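There are 2 protein chains.
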Amino acid sequence: MPTNRQTKQRTLIMQALQGRLDHPTAEQLHRELSAEYPHLGLSTVYRNLELLVQRGELATAPSPDGVVHFDPNLTEHAHFYCTRCKRLLDLPLPEQLTEQITLRPGQRVEAVQLLLSGQCEECGSKTDPQAESQS
Amino acid sequence: MPTNRQTKQRTLIMQALQGRLDHPTAEQLHRELSAEYPHLGLSTVYRNLELLVQRGELATAPSPDGVVHFDPNLTEHAHFYCTRCKRLLDLPLPEQLTEQITLRPGQRVEAVQLLLSGQCEECGSKTDPQAESQS
DNA sequence: GTACCTGCAAACAATTTGCACTAAG
DNA sequence: CTTAGTGCAAATTGTTTGCAGGTAC
Numbered sequence: 099m100p101t102n103r104q105t106k107q108r109t110l111i112m113q114a115l116q117g118r119l120d121h122p123t124a125e126q127l128h129r130e131l132s133a134e135y136p137h138l139g140l141s142t143v144y145r146n147l148e149l150l151v152q153r154g155e156l157a158t159a160p161s162p163d164g165v166v167h168f169d170p171n172l173t174e175h176a177h178f179y180c181t182r183c184k185r186l187l188d189l190p191l192p193e194q195l196t197e198q199i200t201l202r203p204g205q206r207v208e209a210v211q212l213l214l215s216g217q218c219e220e221c222g223s224k225t226d227p228q229a230e231s232q233s
Numbered sequence: 099m100p101t102n103r104q105t106k107q108r109t110l111i112m113q114a115l116q117g118r119l120d121h122p123t124a125e126q127l128h129r130e131l132s133a134e135y136p137h138l139g140l141s142t143v144y145r146n147l148e149l150l151v152q153r154g155e156l157a158t159a160p161s162p163d164g165v166v167h168f169d170p171n172l173t174e175h176a177h178f179y180c181t182r183c184k185r186l187l188d189l190p191l192p193e194q195l196t197e198q199i200t201l202r203p204g205q206r207v208e209a210v211q212l213l214l215s216g217q218c219e220e221c222g223s224k225t226d227p228q229a230e231s232q233s
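From first to last, the protein sequence lines stand for chains X and Z. Residues are numbered in our numbering as their position in the first sequence, beginning at 1, plus a constant of 98. Residues are numbered in our numbering as their position in the second sequence, beginning at 1, plus a constant of 98.
Take a look at the structure:
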């Protein structure tokens with residue numbers, strides 16, 4: 099089943115992901131694209147994101163908020179989740195992280211996810227315990 | 099609001115978590131406990147788990163399967179997720195992991211989650227691409 | 001023309017919430 | 001007694017699926 103037709107929607111979604119630095123959710127992306135393409139269905143966004151992930155052209159990013167975030171940055175990296183403003187930021191991954199982990203015999207590692215959480219600069223400098231809005 | 103009454107249900111739930119090595123979900127726990135306490139409500143389980151997490155007596159464990167897993171092991175450790183049998187196993191965390199990460203100025207780390215995924219020994223030795231059942 | 005893809009609505013799964021009632025202190 | 005806690009059902013949220021019609025190739 100050749101999943102390869104270049105539809106307007108697919109093109110739109112792929113373009114929207116190009117060179118992006120943040121980690122949008124499907125709903126976020128849908129909301130943004132709806133502006134210029136009002137009839138775009140949310141399920142179309144989901145379906146295309148899933149496709150891109152399967153193809154390995156897109157990664158999913160971990161997030162403690164329970165929603166799936168998509169990460170156009172395919173290089174290995176860690177994430178920092180700000181518990182205040184709920185943003186997910188990129189961080190470099192330590193060198194040879196995998197080698198430092200004592201695995202049990204027979205375990206084969208295929209992927210590593212490192213997620214730090216805390217407060218980012220902007221939020222840490224505020225004393226107000228109220229959360230900040232994202233974007 | 100003193101959240102402190104020792105109800106049968108709460109005691110039951112806390113006991114079930116004691117010294118446990120796996121990472122049950124709320125539904126799993128509910129299913130298990132329902133056996134000896136048939137009227138236990140799922141929401142009661144959720145409410146009590148949430149309470150324990152807030153109190154810091156229980157941690158949540160990351161899992162790529164989209165469901166929240168609860169981790170009675172409060173010492174810092176990493177996890178290994180087997181993509182075949184879907185089990186979540188404990189691993190030691192590398193020493194000074196946090197120090198190895200180049201944070202951006204101002205970022206304050208409060209928690210670290212390290213999740214490896216791949217195949218565990220049992221699954222890796224099988225050639226069958228079919229998933230294994232989890233206990 | 002064919003079958004992949006889309007939009008929409010309905011289905012689903014995990015979790016939360018509202019509320020009348022029960023029981024811990 | 002008082003009110004935190006419970007069970008149950010209904011509501012929410014994120015995501016998936018079924019299907020009839022649209023459209024890329």
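Just so you know, even glycine gets a beta-carbon here, dropped at the ideal spot from N, CA and C. These numbers were taken from a predicted model, which means no experiment stands behind them.
- When DSSP reads this structure, residue 169 of chain X sits in a beta bridge with X:157.
- Counting along the chain, residue 208 of chain X sits inside the beta strand (DSSP E) bounded by residues 206-217.
- The distance from the Cβ of residue 179 of chain X to that of residue 189 of chain X is about 10 Å, inconsistent with a contact at the 8 Å cut-off.
- The CB of residue 206 of chain Z comes closer than 7 Å to the CB of 216, 217, 222 in chain X, given here in chain order.
- Contact with chain X is absent for residue 186 of chain Z, since none of that chain's Cβ atoms lies less than 8 Å from the residue's Cβ.
- Legend: CB atoms of the region 108-136 of chain Z lying less than 9 Å from CB atoms of chain X are not found in any residue.
- Of the residues Z:156, Z:102, Z:103, Z:152, the one whose Cα lies closest to the Cα of residue 114 of chain Z is Z:156.
- When the beta-carbon positions are compared, residue 159 of chain Z and residue 216 of chain X stay at least 8 Å from each other.
- Looking at X:184, X:218, X:177, the one whose alpha-carbon comes closest to that of residue 199 of chain Z is X:177.
- Taken atom to atom, the span from the alpha-carbon of residue 175 of chain Z to that of residue 193 of chain Z is near 10 Å.
- According to DSSP, residue 176 of chain Z shares a beta bridge with Z:189.
- The continuous alpha helix (DSSP H) containing residue 110 of chain X extends over residues 106-115.
- Within its own chain, the residues whose Cβ lies closer than 7 Å to the Cβ of residue 149 of chain X, once the five positions on either side in sequence are excluded, are 101, listed in chain order.
- The Cβ neighbour count for residue 211 of chain X, taken over all protein chains shown within 10 Å, is at least 16; the residue is labelled buried.
- Residue 142 of chain Z is not bridged by DSSP to any residue.
- The straight-line gap separating the alpha-carbon atoms of residue 218 of chain Z and residue 161 of chain Z is approximately 15 Å.
- In this model, residue 141 of chain Z and residue 105 of chain Z are separated by some 15 Å (Cα to Cα).
- For the C-beta of residue 202 of chain X, the chain Z residues within less than 9 Å are, from N- to C-terminus, 178, 187, 189, 218, 219.
- For residue 143 of chain Z, no CB of chain X lies under 8 Å from its own CB, so it is not counted at the interface with that chain.
- Of the residues assessed, residue 137 of chain Z falls on the exposed side of the cut-off, its CB having fewer than 16 other CB atoms within 10 angstroms.
- Residue 123 of chain Z sits in a strand when the DSSP states are folded into three classes.
- At least 8 Å separates the beta-carbon of residue 167 of chain X from that of residue 128 of chain X.
- In this structure residue 163 of chain Z is exposed. Its beta-carbon is surrounded by fewer than 16 other beta-carbon atoms within 10 angstroms.
- If you draw a straight line from the Cα of residue 132 of chain Z to the Cα of residue 182 of chain Z, it is about 28 Å long.
- Of Z:206, Z:196, Z:112, the smallest CA-CA separation from residue 170 of chain Z is found for Z:112.
- Distance from the Cα of residue 172 of chain X is smallest, within the candidate group X:184, X:154, X:165, for X:154.
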